[in-house]
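Peer 1: First the structure, which I've put down as structure tokens, then a few questions once you've had a look.
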Amino acid sequence: MTLQGKRILLIISGGIAAYKSLDLIRRLRERGASVRPVMTAGAQAFVTPLAVGALAADKVFTELFSREDEQDVGHIRLARDCDLVVIAPATADLMAKMANGLADDLASTILLATDKPVLVAPAMNPKMWSHPATRRNHATLLADGIRFIGPASGEMAESGEKGEGRMAEPLEIAAAVEALLDTGPKPLTGRKAIVTSGPTHEPIDPVRYIANRSSGKQGHAIAGELAWLGADVTLVSGPVTIPDPKGVTVVRVERAEEMRDAVLAALPADIAVMVAAVADWRVASASGNKIKKKPGEAPPPLLLTENPDILKTVGHHPKRPKLVVGFAAETQDVAENGRSKLERKGADYIIANDVSPHTGIMGGDRNTVKVIGKSGDEDWPDMDKQAVAERLARLIASHFP
Ligand SMILES: Cc1cc2nc3c(=O)[nH]c(=O)nc-3n(C[C@H](O)[C@H](O)[C@H](O)COP(=O)(O)O)c2cc1C
């Protein structure tokens, strides 16, 4: 009963996936939550308030201008008397209203009036989801702190079209509710994890450096997910411009040597996930002063020397963590290079990805990875980096029963 005593306000809007919200109500209630349903006019064209109310064992709210419910400004009460607002399915229309602060029916008015966390499970045709207007609304809602679960890729119920837009499954939504309310299982409680993230900056002189395109998005998301699952996480981060993940200790470094020292200082640990794009080389002797451009002289040569291999150091260290995971950014022969790294670096898993420019992975929001383990490879579908982080954190947790 992970959601015992939790009050969920479930807003159902007018999409074909509304039939799945009936199952969602059951899933939430069997975890101990109470579910108060609100339906848009559109939702009532797909499922009846009778079915929704019977499964929720509660009154279904549908009208803003209701004589009975608004005597005490019922929409404000609905917006506040809950622990979490869930919208499943969320139509493109309702997302557009939310993003723009519209409040012309009960659901949208509650969404504008609530001070509770909001979890959105979008469901729509792939063309609607990829439309620039929906992209803008999604970005606005994310920036407003609204949480999303899905949509997934797959076949659409009504048109047979394929693509991103399918509502997340009720079980996934229930798990996201547990995660948001922080009531889910914490399999990594008592475990210590070290995660590296971001690029390194290798100085040429006091103002110039060699870097790479890593944003830190993947490593930071993994650190955050391990912390969600209860781990005590030290995130050793190169220079990035994204916010720190919640609940982790962040150690900021610039150079690969500093990153190695910070990682070794954080040992012993149970888990090491080396995600940072550590520069392979640094300038052999960085200049203490700014190198001056001299008229008529040839550009200065840059002599490079090898940086420490942090993953290999950790993988063969006397205090090696029980589970060592490395990332391998490749542009060629992703699987072969990944597998040979597994052996050489003493890792339990290599998460290999193709970072060729056409993939947009380096610095982007999505990732397509191959998980190379001792007993075989697994191709994960294209997902956003947060979803990769969630799945990887669950895989890691499965090693700590
Ligand atoms: C058969 C049918 C299926 C629909 N499925 C969806 C859907 O999956 N997602 C969506 O965003 N809109 C869908 N629509 C369009 C919405 O119902 C429409 O935009 C409506 O105005 C949404 O109202 P609401 O957001 O107030 O519920 C569908 C419409 C029809 C007629």
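Numbering follows this note's numbering, with no gaps: position 245 of the sequence shown is 267.
For glycine and all other residues, C-beta sits at the position ideal for the given N, C-alpha and C.
If we ignore side chains and look at the alpha-carbon of each, how far apart do S362 and R230 end up?
Peer 2: Rounded to whole angstroms, S362 to R230 spans 34 Å at the Cα level.
Peer 1: Select from A288, T263, I264 the residue whose C-alpha is nearest the C-alpha of V273.
Peer 2: Out of A288, T263, I264, A288 has the C-alpha closest to the C-alpha of V273.
Peer 1: By DSSP's criteria, S175 is part of a beta bridge. Which residues make up the other side?
Peer 2: S175 is bridged to E186.
Peer 1: Per DSSP, what kind of secondary structure is V199 in: helix, strand or coil?
Peer 2: Reduced to three states, the DSSP call for V199 is helix.
Peer 1: Tell me which residue opens and which closes the alpha helix (DSSP H) that R53 is part of.
Peer 2: No alpha helix (DSSP H) contains R53, which DSSP labels as neither H nor E.
Peer 1: Where does D370 land, buried or exposed, given buried means 16+ other C-beta within 10 angstroms?
Peer 2: When all chains shown are included, D370 counts as buried.
Peer 1: Can you confirm whether D80, when its beta carbon is compared against all beta carbons of chain B, has any partner nearer than 9 Å?
Peer 2: Absent from the structure is chain B; it holds one protein chain and no more.
Peer 1: Taking three-plus beta-carbon pairs below 8 Å as touching, is the stretch 104 to 124 in contact with the stretch 192 to 199?
Peer 2: These segments touch.
Peer 1: Nearest by alpha-carbon distance to G167: which of V142, M146, T156, P148 is it?
Peer 2: The candidate whose alpha carbon is nearest that of G167 is V142.
Peer 1: Distance check for A76 and E90, CA to CA, integer angstroms please.
Peer 2: For E90 and A76, the distance between alpha carbons rounds to 20 Å.
Peer 1: Taking DSSP as the reference, what is the three-state secondary structure of N311?
Peer 2: Correct three-state label for N311: coil.
Peer 1: Counting only runs that start and end within the stretch 348 to 407, where is the alpha helix (DSSP H) found for 4 or more residues in a row?
Peer 2: Listed in chain order, they are 356 to 367.
Peer 1: Could you pull out every residue in the same chain whose Cβ sits closer than 8 Å to the Cβ of F83, ignoring the five residues on either side in sequence?
Peer 2: Correct list, in chain order: R58, P59, V60, M61, D91, G96, L100, L128.
Peer 1: Is the stretch 315 to 322 close to the stretch 340 to 347, with three or more CB pairs under 8 Å?
Peer 2: Not touching, per the Cβ criterion.
Peer 1: Pull up the CB-CB distance for K28 and D105, whole angstroms please, since I reckon it's below 8 Å.
Peer 2: Right, the Cβ-Cβ distance comes to about 5 Å (below 8 Å), so this counts as a contact.
Peer 1: At a threshold of 8 Å, does P221 count as lining ligand 1 (C-beta to nearest heavy atom)?
Peer 2: Every heavy atom of ligand 1 is 8 Å or more from the Cβ of P221, so no.
Peer 1: Which one of D227, P261, M296, H380 has the shortest CA to CA distance from S309?
Peer 2: That would be D227, whose Cα lies nearest to the Cα of S309.
Peer 1: Measure the CB-CB distance between V255 and M281 and report whether it falls below 9 Å.
Peer 2: No; because the gap between Cβ atoms is not below 9 Å, this pair is not in contact.
Peer 1: Should E328 be labelled buried (16 or more other beta-carbon atoms within 10 Å of its own) or exposed?
Peer 2: When all chains shown are included, E328 counts as exposed.
Peer 1: Specify the secondary structure class of D302 as computed by DSSP and reduced to three states.
Peer 2: In the structure shown, D302 sits in coil (DSSP, three-state: anything other than H, G, I, E or B).
Peer 1: In or out: H242 buried (at least 16 other Cβ within 10 Å) or exposed?
Peer 2: H242 should be labelled buried.
Peer 1: Could you tell me if L210 is buried or exposed, where buried requires 16 or more neighbouring beta carbons within 10 angstroms of its beta carbon?
Peer 2: Its Cβ being crowded by 16 or more others within 10 Å, L210 is buried.
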